[in-house]
Amino acid sequence: MAFYQSPLDLTAFDAKFEAQKIAFAPISFQVARCLLKFGILAHIDEAGEQGCSLDAIVEKSQLSEYACSVLLDMGLSMRLIWQDNTHFILDKIGHFLLQDDMAQINLNFVNDVCYQGLFELESSLKEGKPNGLKVFGDWETIYPTLSELPEQVKKSWFEFDHYYSDHAFGQLLPLIFKSEPKHIVDVGGNTGKWALACTDYHSDVRVTIMDLPGQLKVALKNAEQKGVADRVQGFQCDLLDDDQRFCEGANLYWMSQFLDCFSKPQILSILKRTAQSMNADSELCILETFWDRQPFEAGAFCVNATSIYFTAMANGDSRMYHSKEMLSQISQAGLFVDEDIDEIGLGHTLLRCKLKPSSLKRQD
Ligand SMILES: C[S@@+](CC[C@H](N)C(=O)[O-])C[C@H]1O[C@@H](n2cnc3c(N)ncnc32)[C@H](O)[C@@H]1O
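Per numbering that gives the first Met the number 0, residue 0 is the first one in the sequence shown, and the count goes up by one each step.
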């Protein structure tokens, strides 16, 4: 889908309103969150087409009339609800905010992980450092300390990360096991969800998870609890270190939502080292959300917004890429894309890569 290749068809009057929505966006965000948190949207929803009065909402929410009324008035302006005389009724946007699990997960991620730190976006952009991360600790990047984040922050981070990859797994497992891999290396395997999905899907497959020590500890504990500790190994590493070698000779290297955690030069270095560990029969499967490959504009919006999390909170120099940028890095690393499949899960693309014949000759 080609996005943003023509000007938006909008009157100047409407464009001016859109500009005001941006100016007040943090206020709208917090109002929506509070309408959810205090159960006001849920209560209005329960009242159905009849809706409910301010008095009934005050009684149920345990907030003051003042508090409820300011939230409700802004909720009207945001078109979350509408008003029939004295009664408030849920509108379509309010319905999806309340019922759509993707909206809830994105909202919690933005509130708990990003919101406070985003005040440092400006300095992060200038310095190429995730200065927003300072709200949680004095860390260079978010990844080595993921397991040390405050409990609610950690919960929202993992729910956000898992939500998107989990939705892709069902479709991916048969695709991946088509080539009957016996040994999979899951690079950036995190808490081991993919490794466990693989060992569950196939009774003989072995999976090596390459990750930082904090994540590896959780992943191996999860494998033990699932009774597959004999088939899930850990390979502790920091892939930002250019001398860090890879687990060698696996049939399949798996990188899901992983390369977006790195800058372009870092990606090239990682892909080159992966290529060095591969042989003629091994393949590298990259699963990513590229903004230009989203089936709908809403997807491109969410993916581009997620880039800003990387800028201000995660590492200051990585992002969600345009697919052309990733394809170029893959080629420069001596690999070619054998299969390129879009629309997996919620807007993922799977790139199945192999060594170029020229890279094979170099290995000989
Ligand atoms: C966004 S998560 C993706 C998790 C999982 N693959 C998925 O699809 O849900 C990125 C993973 O890469 C790991 N990672 C980030 N930087 C790393 C580094 N320098 N070396 C090794 N692993 C790293 C993180 O610890 C995390 O587990």
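All residues carry an ideal CB built from backbone N, CA and C; glycine is no exception.
Next item on the list: Under 8 Å by Cβ, that's how I've got G191 and V231 pegged, so tell me the actual separation to the nearest angstrom.
Entry: Counting from one through the sequence shown, the residue named residue 191 turns up at place 192. Counting from one through the sequence shown, the residue named residue 231 turns up at place 232. 7 Å between Cβ atoms; contact.
Next item on the list: Helix, strand or coil for E103, going by three-state DSSP, please let me know.
Entry: If you number the sequence shown from 1, residue 103 lands on position 104. Reading the sequence as shown, one finds Gln at residue 103 and not Glu. Residue state, collapsed to three classes: helix.
Next item on the list: Using a threshold of 8 Å, state whether the C-beta atoms of M312 and G169 are closer than that.
Entry: Position 313 of the sequence shown holds residue 312. Position 170 of the sequence shown holds residue 169. Cβ atoms of M312 and G169: not closer than 8 Å.
Item checked: Beta-carbon spacing of C67, I56 below 8 Å -> For the purposes of this step, residue 67 is taken as residue 68 along the sequence shown, with counting starting at 1. For the purposes of this step, residue 56 is taken as residue 57 along the sequence shown, with counting starting at 1. Their beta carbons are under 8 Å apart, which means C67 touches I56 by this criterion.
Notebook entry, point to check: Can you tell me whether DSSP reads G233 as helix, strand or coil?
Noted result: Counting from one through the sequence shown, the residue named residue 233 turns up at place 234. Strand at G233.
Check: Hey, is G188 close to ligand 1, as in C-beta under 7 Å from one of its heavy atoms?
Finding: Position 189 of the sequence shown, counting from 1, holds the residue named residue 188. Correct: G188 has its Cβ closer than 7 Å to ligand 1.
Check: Mind pulling the alpha helix (DSSP H) runs of 4 or more residues that sit fully within the segment 179-266?
Finding: 192-200, 212-224
Margin query: I want to know whether the segment 271-284 touches the segment 243-262 - three or more CB-CB distances under 8 Å.
Written below: yes
Notebook entry, point to check: Is it a yes or a no for the segment 295-308 touching the segment 208-220, going by three-plus beta-carbon pairs under 8 Å?
Noted result: no
Check: Under the DSSP definition of a beta bridge, which residues are partnered with T348?
Finding: For the purposes of this step, residue 348 is taken as the residue at position 349 of the sequence shown. According to DSSP, T348 bridges with E287.
Next item on the list: May I ask you to report which of helix, strand or coil DSSP gives K125?
Entry: For the purposes of this step, residue 125 is identified with residue 126 of the sequence shown, where counting begins at 1. Helix at K125.
Item checked: Residue environment, T198, which counts as buried when at least 16 other CB atoms sit within 10 Å -> Along the sequence shown, one-based indexing puts residue 198 at 199. Its Cβ being crowded by 16 or more others within 10 Å, T198 is buried.
Check: Counting Cβ pairs, one atom from each stretch, are 3 or more of them under 8 Å apart for the segment 81-95 and the segment 43-62?
Finding: Enough Cβ pairs lie closer than 8 Å, so yes.
Checklist line | C236 CB to nearest heavy atom of ligand 1 below 7 Å | finding: As a working mapping, residue 236 is identified with position 237 in the sequence shown. Relative to ligand 1, C236 has its C-beta within less than 7 Å of a heavy atom.
Next item on the list: With a threshold of 7 Å, establish whether the CB of L106 neighbours any heavy atom of ligand 1.
Entry: Looking up residue 106 in the sequence shown gives position 107. No, Cβ of L106 sits at least 7 Å from all heavy atoms of ligand 1.
Check: Under the rule that 16 or more other beta-carbon atoms within 10 Å means buried, what is T348, buried or exposed?
Finding: In the sequence shown, residue 348 corresponds to position 349, counting from 1. So T348 counts as buried.
Notebook entry, point to check: Is D210 near ligand 1, judged by its Cβ being under 7 Å from some heavy atom?
Noted result: Counting from 1 along the sequence shown, the entry for residue 210 is found at position 211. Result yes, Cβ under 7 Å from ligand 1.
Check: Name the DSSP beta bridge partners of E17, please?
Finding: The residue you call residue 17 lines up with position 18 of the sequence shown. Its beta-bridge partners do not exist; DSSP assigns none.
Note to self: On the criterion of 16 or more Cβ atoms from any shown chain inside 10 Å, does A274 qualify as buried, or is it exposed?
What the structure shows: The count along the sequence shown starts at 1 and reaches residue 274 at position 275. So A274 counts as buried.
Notebook entry, point to check: Hey, out of Y200, Q214, E324, L238, whose CA is closest to V227's CA?
Noted result: The residue you call residue 227 lines up with position 228 of the sequence shown. The shortest Cα separation from V227 among Y200, Q214, E324, L238 belongs to Y200.
Item checked: Closest Cα partner of L75 within the set D240, F300, A31, Y308 -> In the sequence shown, residue 75 corresponds to position 76, counting from 1. That would be A31, whose Cα lies nearest to the Cα of L75.
Next item on the list: Note down, in chain order, each residue of its chain lying with its Cβ closer than 8 Å to the Cβ of M73, except the 5 sequence neighbours on either side.
Entry: Counting from 1 along the sequence shown, the entry for residue 73 is found at position 74. Excluding sequence neighbours, M73 sits near I26, S27, V30.
Note to self: Quick check: does the Cβ of W193 come within less than 7 Å of any heavy atom belonging to ligand 1?
What the structure shows: On the sequence shown, position 194 is the one that residue 193 refers to. Yes, ligand 1 has a heavy atom inside 7 Å of this Cβ.
Checklist line | Span separating the alpha-carbon of I266 from that of Q328 | finding: For the purposes of this step, residue 266 is taken as residue 267 along the sequence shown, with counting starting at 1. For the purposes of this step, residue 328 is taken as residue 329 along the sequence shown, with counting starting at 1. Each residue's CA atom was taken as its position, placing I266 and Q328 some 7 Å apart.
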